[in-house]
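Here this note's numbering is used: position 244 in the sequence shown is 244, and no number is missing along the way. We treat Cβ as the ideally placed atom computed from N, Cα and C, and that holds for glycine. Written out below as structure tokens is the structure these notes cover.
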Amino acid sequence: MKISGIELRRIRIPLRAPFRTSFGTETERDVLLVRVATADGEGWAECAAMSEPRYCSEYVDAAQDVLRKFLIPALPKDGIDAHTVGRVLEPFTGHRMAKAALETAVLDAHLRTTGESFGSYLGAARDRVPCGVSVGIMDSVPELLDAVDGFIAEGYARIKLKIEPGWDLEPVRAVRERFGDDLVLQVDANAAYTLVDAQHLAKLDDFGLLLIEQPLANDDIVQHARLAELLRTPVCLDESIESAADAAAAISIGACSVINIKPARVGGYLEARRIHDIARAHGIPVWCGGMLETGIGRAANVALAALPGFTLPGDTSGSSRYFATDITPPFELADGHLDVPTGPGLGVEPLPEVLEEVTTSTEWITI
Ligand code: SMG
Ligand code: MG
């Protein structure tokens, strides 16, 4: 497939409510969109990098810079197959979110010409996926209970509470007491603890959590294995898993018994599928994470979440959980599920008027 040029477009959309984690508070999304133009059409993708390097070392300005200076110029001028994008970008270390966006846009352009959907291409085993919701740290427990109550009323199949030291046992206990033992409940620490906190974290065992996500630092795979021996709550890794090799290593030393797969974090949907395959072969359940995506990123995530090894509900919430107006037709929850798009490629496109309204800059790079 021959690419004529690539547009890097920045958009800014307010979040409906601030989203607080152990590493910071997001009030809006400053998103980089990548649009690949070919002779036959175009392909879209969303870069998941946030405004600041807090969740991981990537951030959106840097993603745009590395795409402009290194990744896009590395694409061969005489055409490229979506499967070889990863190999072409391999000489450049890191920058997985930027790489994922470029590969996804090329893949979308390719699938739009062949007419195949992302879900079908990736190997989806179902046409809709059960959805969870990630609930941020709040100023008070009553405020948290109100938020959780609203999400349960909307039909979410599981609740994930963000935790940090000082906001862990009390909110978890309060949610369990109020909503009962049948609520599927899990927590995410975003690396806020150390192994010294093991005894404290073991107190979460009383609450029948589905899992605890990324309790320790990103590069603490060995300590996660130690912690997993001390907890009854299953340990799930997010930030620590940046590749299929990381997943294989973490599984082999017992650092996790569940994996949150975020395609952006691991360099794209093809690597995400490799992690799915490895985990499935080892009987490790996986679920699809989220980075507060617009409909563009969400479409691809929902397709991935339909693969057979994704046996737990993901952070693939409906558009209204994040934005008053999404840039695509909104993803709407029905009976706690989102439908996997069936149209060619991602199966969704930005709505031109909305896109225009939220755009803060555009840049065109000729190949
Ligand atoms: O997209 O619903 C979403 C957000 C899910 O909690 C979520 N993501 O560590 O899993 C995680 C966080 C990372 C982004 S927080 C700004
Ligand atoms: Mg997480």
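Nearest in C-alpha terms to E349, of all of A299, W167, L201 and I261, is A299. Under a 10 Å Cβ-count criterion, V196 is classified as exposed, with fewer than 16 other Cβ atoms of the shown protein chains found around its own Cβ. Between the stretch 334–347 and the stretch 113–132 there are three or more inter-stretch CB-CB distances shorter than 8 Å, so the stretches are counted as touching.
If you ignore the 5 residues before and after F70, its C-beta comes within less than 6 Å of the C-beta of F92, all in its own chain and listed in chain order.
When the Cα atoms are used, W167 and D149 turn out to be separated by approximately 19 Å. For G43, the enclosing beta strand (DSSP E) has its first and last residue at E42 to C47. For a cut-off of 8 Å, the C-beta gap from L270 to G86 is around 6 Å, short enough to register as a contact. Beta-bridge partners of E363 (DSSP): L8. Under the three-state reduction of DSSP, P53 is assigned to coil, being neither helix nor strand.
Under the three-pair Cβ rule at 8 Å, the stretch 241–250 does not count as touching the stretch 62–80.
Taking every protein chain shown into account, the CB of L230 has fewer than 16 other CB atoms within 10 angstroms, so this residue is exposed.
For T113, same chain residues with a beta-carbon under 7 Å away, outside a window of 5 residues either side, are D40 and G41 in chain order.
Looking at the backbone, the Cα of K160 and that of R280 are separated by about 23 Å. Rounded to the nearest whole angstrom, the C-alpha separation of V175 and E332 is 25 Å. As DSSP reads the structure, R20 sits in a beta bridge with T25. Spatial neighbours of T233 in its own chain (CB-CB distance under 6 Å, excluding positions within 5 residues in sequence) are listed in chain order as L204, D205, L209 and I212.
Partner residues in a beta bridge of S257, as assigned by DSSP, do not exist.
If you look at D61, you'll find it in the alpha helix (DSSP H) that goes V60 to V66. Collapsing the DSSP output to three states places T113 in a helix. The chain-ordered list of residues whose CB is nearer than 7 Å to some heavy atom of the ligand MG reads D188, N190, E213, Q214, D238, E239, N260 and G289. The C-beta distance from L185 to R158 rounds to 7 Å, short enough to meet the 8 Å contact threshold.
When C-beta atoms of the stretch 256–274 are compared with those of the stretch 95–102, three or more pairs fall below 8 Å, so the two segments count as touching.
As a beta-bridge residue in DSSP terms, H337 pairs with P130 and A334.
Ranked by Cα distance from V34, the options E26, G43 and T27 are led by G43. Exposure of P329 is indicated by the presence of fewer than 16 other C-beta atoms within 10 angstroms of its C-beta. The three-state reading of DSSP puts P215 in coil, since its state is none of H, G, I, E or B. Relative to the ligand SMG, even the nearest heavy atom lies 7 Å or more away from the CB of Y59.
Under DSSP, the beta-bridge partners assigned to V187 are L161 and I212. Here the distance from the Cβ of D315 to the nearest heavy atom of the ligand SMG is below 7 Å. Shortest gap from the CB of E293 to any heavy atom of the ligand SMG: under 7 Å.
Each of L89, T294 and I259 was checked against the Cα of E239, and the nearest Cα belongs to I259. Closest by C-alpha distance to G314, out of F151, G289 and C56, is G289.
Per DSSP, L237 lies in no alpha helix (DSSP H); the unbroken beta strand (DSSP E) holding it starts and ends at V235 to L237. A heavy atom of the ligand SMG is found nearer than 7 Å to the CB of F19.
A Cβ-Cβ separation of about 16 Å leaves R54 out of contact with G94 under the 8 Å criterion.
Out of P142, V141, F310 and V187, the CA that lies nearest to the CA of I163 is found in V187.
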